[in-house]
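Participant: One structure, as structure tokens, below. Some questions next.
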Amino acid sequence: MPGTPEATPAKEVSDAPSPRRLLSSEKVYEGRIWDVVSDTFQLSETGDALTRDYIDHPGAVAILPMNDQGQILLLKQYRHPVGMDLWEVPAGLLDVEGEDFVVGAARELAEEADLAAGTWNVLADVFNSPGSSSEAIRIYLARDLTEVPHHERHERTDEEAEIEFHWISLDDAVASVLAGRLHNPSAVVGILAAAAARAGGYEDLRPADAPWPAHPSQR
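Numbering (this note's numbering), first residue to last: 43 to 261.
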């Protein structure tokens, strides 16, 4: 069709590092979990100095648990900043120095869902809010599930003590996303990615130890 731009082949669409000249960097707030940093930089050698404040985040992992019937596990948890109970997937910070990413994911799956998984794959890598945070999240698909023995289970406290579990078919989860009933980004991305991967029998998913160059520790 005249005037219609040609589509770019999918293999050529890829985010990439883009180093810019950093003039200064200052920690303006130190929090319990993450800090706020103020960076001044130039987009080009002759460009004006720009200042941006952002959350300096250690990164996180999220896990979409799937049972042998193809159902996925969602957790309901209260989130104070938005004042809502959200249906989410197990997730947590990568705040243990030197911990392997999938080891951290297995830890979070055990702590939040009392589950262990025998098969792990990467569903997606995302930046949660790249305009205001350095947080990078890796979302895994966890299958071949077994329950953690009762005597080994993590004692959940605070908001986590209110967690409720619900197994749902992948199709119903997709419908909930498209109807606007689910809002947690890791759950939304994980559900849609799993639905897309299902068409190929999940064979095209990356292995659990696939490189993650977007994580802060790798940049």
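Glycine included, every Cβ here is placed at the ideal spot set by N, Cα and C.
Determine, for E194, whether the minimum Cβ-Cβ distance to residues of chain C falls below 7 Å.
Facilitator: This model lacks chain C altogether; it includes just one protein chain.
Participant: Determine the extent of the beta strand (DSSP E) in which R185 is found, giving its start and end residues.
Facilitator: Translated into positions along the sequence shown, residue 185 becomes position 143. Its beta strand (DSSP E) spans residues A178 to E189.
Participant: Classify L220 as helix, strand or coil using the three-state DSSP reduction.
Facilitator: Position 178 of the sequence shown, counting from 1, holds the residue named residue 220. Helix.
Participant: Taking the straight line between their C-alpha atoms, what separation do you get for R94 and D110?
Facilitator: Counting from 1 along the sequence shown, the entry for residue 94 is found at position 52. Counting from 1 along the sequence shown, the entry for residue 110 is found at position 68. Those two C-alpha atoms are separated by around 46 Å.
Participant: Are at least three pairs of beta-carbons, each pair with one atom in the region 190-206 and one in the region 106-125, less than 8 Å apart?
Facilitator: The region 190-206 vs the region 106-125: in contact.
Participant: Under a three-way DSSP split, which group does V230 fall into?
Facilitator: The residue given as residue 230 occupies position 188 in the sequence shown. Correct three-state label for V230: helix.
Participant: Secondary structure at L106, three-state DSSP: helix, strand or coil?
Facilitator: Taking the sequence shown and counting its residues from 1, one reaches residue 106 at position 64. Three-state result, L106: strand.
Participant: Helix or strand or just coil, what does DSSP make of H225?
Facilitator: For this step, residue 225 is matched to residue 183 along the sequence shown. It is coil, neither helix nor strand.
Participant: Under three-state DSSP, which class holds Q84?
Facilitator: As a working mapping, residue 84 is identified with position 42 in the sequence shown. Looking at Q84 - three-state DSSP - the assignment turns out to be strand.
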